[in-house]
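One structure below.
Chains as they are written, first to last, in full-length UniProt numbering: chain A, 1 to 267; chain B, 1 to 553.
Take a look at the structure:
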């Protein structure tokens, strides 16, 4: 589910933040920021402080974002995957879009129950000598305990909104959110433990080798002061560098109230 | 193996429960999805490969730079000596490595220790080329506050900085000009070893200058024990550098922590340096004045005399200004100075300037850089070129960086010639230009390499033409013949000069030459001494180069 078209991504981003798109052609997008987005992105707190203190409304800036490399010399920010502006938007997303509660949108005149799902998107990092990441999206039915992976792909197919539709009502969870989260963690731990760990074994091997060399290095230096402490520090450095581990970081998550869909298969 | 350690995320669920209790605020579906998309885009799905390249589409890396970065990360696990020859882009390699670690989330806190004169250049390069938010150290900063900090080692090791720094766990430490750490008994060495660090890069063009133990000391910063302990190393290899030649095993070990690219092995050798010595004869009048200066004794200190002689080889103005300064200081005979100054004023245009104009006019469609040692000559040349309808812009080290960029742009788009003084030599890259005139030769050959390095570096697509100007029958002739040409400086020695001078225990070649001239009672004596010096340099070069080749990858 990575970003394919930067221009589309930017459009969606600014539209979702209620900014007007003034111009969008050939990979050159100009948006009119709102005050809120100007404050979030343009890094000019003094301007806003000054304007507000003089009682004026202030004038949010326009932003031109160029995704077409052929046009990168035009006036504006050239946006590519490494550009500081895009990284800034990413960071803004990471900090602000972590938690949600959404309802499936349903057009109905009969009463309809919506069931709570706990959805967790998590980044798993495997860290040894090198590092790699994996992203897993997992959903847990908080009434019957059913679990589904690739949950985001499934959710993409549903209309979702922040308020509940008319005639719909929610079923209360039988599984508490915190124990639901523990269940998801347990499944992930199990998934990790069933993998092979050549990368970790290699890392441990290197770790041991380097500690052995280090001890030999210090073997003829008994006269120096603070010897023990120095060696301990360097052993720590080696462990810090090579000790293999797996880390979990939740990207975002939330409660999704969905009308049970028979097409939803258990995995 | 034993069970793998899993580090869980406990913060999320706590905060989420708070949000549920408070009924929000919650993200809209669009933005929630976008955050997920952004993470999916930014993650690194494989252990290997340079993810940083996707983030830096505007930088064109050379194959050896990519190779070096990969090797340092994947094979050396982030602790390496980068020992490329001057001008092959060690900074680029180091920046790429740091960027890769940052993207992978392995480095947050980094300390970059470089010579004081290069701090701002490093900051600029890392920020502009790599989008790494590196900050130069300022007094008001706390070492703990800034994540990516650049400082000179002298500042860093001073109290109370040192104490603060040694308390910090760095993910990444970089030392530029690391050959200064070769002696394990120095404060600098102790300090660097004591830093708490995960990854560590040492940058130097001359990993071994004198003795084999130096490489032992450098490697011991990165990987203590890799070359054994101090005692066993000395026992096995001695203090005598010749041993490395015979020892293929040691060479192999060193290559596990050191990467060295040479000009020969990289694509840079595709563009050649055409070096031409341009001889000029003084006019009679000029010569008469030169001789008069040269004959002076007594009143002048020899040091001052040599300065004046060198200056008159550059421009009347340079010499005039020095004389004027001497009168103002009241150092000596006023009448004599006054007469010399009057005579200078009567001299015609400088023969060298005329020759420079001739060279520029022979290449009407080419950009040309002129380097001179003197501000006064720079101004004179600017005026004289203008008289000849040649457009030029000045460039000095003292310009603010905005002005430097502006002058560079002017040169690129509107002027044919850039006239730079020595201090302007560092920190400006002009690959779009491939003609360089050394209007007067610096006495330190390393500075010549720095000058040429401005245009003969990665990104240069054409052969470069270097014109070295020297006036016959003057001090310039001695320097040119006896020093530069005899040792084949431009063709061969330059890359190794640092090492050779260290070997010879010459810390400042300029001062060395100065003393040769001032301590000799006759020109003949000076010549002989110069000749001896070049012989020694040449000999040391020949005997070390073959050995140096043994290090190469």
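From the three backbone atoms N, C-alpha and C, an ideal C-beta is built for every residue, glycine too.
Query                                                                                                                                                                                           : Result
Comparing C-alpha positions only, which one of A/132, A/169, A/117 and A/162 sits nearest to residue 145 of chain A?                                                                            : A/117
Can you say whether residue 8 of chain A is buried or exposed, counting buried as having 16 or more other CB atoms within 10 angstroms of its CB?                                               : exposed
Leaving out five residues before and five after residue 166 of chain A in sequence, what residues of the same chain have Cβ atoms less than 8 Å from its Cβ?                                    : 108
Within the 8 Å Cβ cut-off, does residue 267 of chain A reach chain B?                                                                                                                           : For residue 267 of chain A, the predicted model reports a pLDDT of 41, less than 50, meaning its position is unreliable; a value from the coordinates is still stated below. By this cut-off, residue 267 of chain A is not an interface position.
Between the segment 192 to 210 of chain A and chain B, which residues of the former have CB atoms less than 8 Å from a CB of the latter, in chain order?                                        : 192, 193, 197, 199, 200, 201, 204, 206 and 210
CB residue 188 of chain B to CB residue 180 of chain B, shorter than 8 Å?                                                                                                                       : yes
Could you tell me which chain B residues have their CB closer than 9 Å to the CB of residue 246 of chain A, listed as they occur along the chain?                                               : 4, 5, 6 and 7
Out of curiosity, what's the CA-to-CA distance linking residue 408 of chain B and residue 108 of chain B?                                                                                       : 34 Å
Just reading off the beta strand (DSSP E) that residue 438 of chain B is part of, what are its end residues?                                                                                    : 435 to 438
Could you tell me whether any Cβ in chain B is nearer than 8 Å to the Cβ of residue 249 of chain A?                                                                                             : yes
Contact check, residue 273 of chain B vs residue 464 of chain B under 8 Å by CB: the rounded distance?                                                                                          : 5 Å
From this set, A/26, A/36, A/247 and A/49, which residue's C-alpha is nearest residue 66 of chain A's C-alpha?                                                                                  : A/26
Within 8 Å (strictly less), CB to CB, does residue 100 of chain A reach chain B?                                                                                                                : yes
List the residues of chain B that residue 177 of chain A touches, going by C-beta distances under 9 Å, in chain order.                                                                          : 13, 16, 17 and 20
Are the beta-carbon atoms of residue 132 of chain B and residue 149 of chain B separated by less than 8 Å?                                                                                      : no
Between which residues of its own chain and residue 376 of chain B is the CB-CB distance below 7 Å, once the five residues before and five after are set aside?                                 : 315, 317, 318 and 321
Just the Cα atoms here: how many angstroms apart are residue 279 of chain B and residue 368 of chain B?                                                                                         : 19 Å
Compare the beta carbon distance of residue 199 of chain A and residue 47 of chain B with 8 Å and say whether it is the shorter of the two.                                                     : yes
Does any residue of chain B bring its CB to less than 8 Å from the CB of residue 80 of chain A?                                                                                                 : yes
Say whether the segment 196 to 208 of chain B touches the segment 70 to 85 of chain B, bearing in mind that this needs 3 or more beta-carbon pairs closer than 8 Å, one atom from each stretch. : yes
Going along chain B in order, which residues have a C-beta closer than 7 Å to the C-beta of residue 129 of chain A?                                                                             : 77
Any Cβ of chain A within less than 8 Å of the Cβ of residue 28 of chain B?                                                                                                                      : yes
Taking C-beta pairs closer than 9 Å, name the residues in chain A that residue 54 of chain B reaches, listed in chain order.                                                                    : 80, 81 and 82
Whose C-alpha, out of B/385, B/195, B/56 and B/378, is nearest the C-alpha of residue 396 of chain B?                                                                                           : B/378
Determine, using beta carbons only, whether residue 68 of chain A comes closer than 8 Å to chain B.                                                                                             : no
Can you find a CB in chain A that lies within less than 8 Å of the CB of residue 1 of chain B?                                                                                                  : Low confidence applies here, because residue 1 of chain B scores a pLDDT of 47, under 50, leaving its location unreliable and the question unanswered by this model.
To the nearest whole angstrom, what separates the beta carbons of residue 453 of chain B and residue 89 of chain B, a pair I think is in contact under 8 Å?                                     : Wrong, their Cβ atoms sit about 11 Å apart, outside the cutoff.
Nearest chain B C-beta to residue 220 of chain A closer than 8 Å, yes or no?                                                                                                                    : yes
Confirm, please, whether the CB-CB distance from residue 171 of chain A to residue 250 of chain A is below 8 Å.                                                                                 : no
Since residue 93 of chain A and residue 63 of chain A are thought to touch, with beta carbons under 8 Å apart, how far apart are those beta carbons, to the nearest angstrom?                   : Between residue 63 of chain A and residue 93 of chain A the Cβ distance is about 16 Å, and since that is not below 8 Å, they are no contact.
Rounded to the nearest angstrom, how far is the Cβ of residue 248 of chain A from that of residue 119 of chain A, given a contact under 8 Å?                                                    : That belief does not hold up - the Cβ atoms of residue 248 of chain A and residue 119 of chain A are roughly 15 Å apart, past 8 Å.
By the criterion of Cβ-Cβ separation under 8 Å, what are the contact partners of residue 113 of chain A in chain B?                                                                             : Going along chain B, no residue has its Cβ under 8 Å from residue 113 of chain A, so there is no contact; the nearest lies around 20 Å.
Helix, strand or coil: how does DSSP classify residue 46 of chain B here?                                                                                                                       : coil
Quick one: residues in its chain with C-beta nearer than 7 Å to the C-beta of residue 112 of chain A, no 5 flanking neighbours on either side, listed in chain order?                           : 106, 167, 168 and 259
What are the partner residues of residue 127 of chain A, as DSSP defines its beta bridges?                                                                                                      : A/131 and A/245
Over what stretch of residues does the alpha helix (DSSP H) that includes residue 151 of chain B continue unbroken?                                                                             : Unbroken run through residue 151 of chain B is the beta strand (DSSP E), 148 to 151; no alpha helix (DSSP H).
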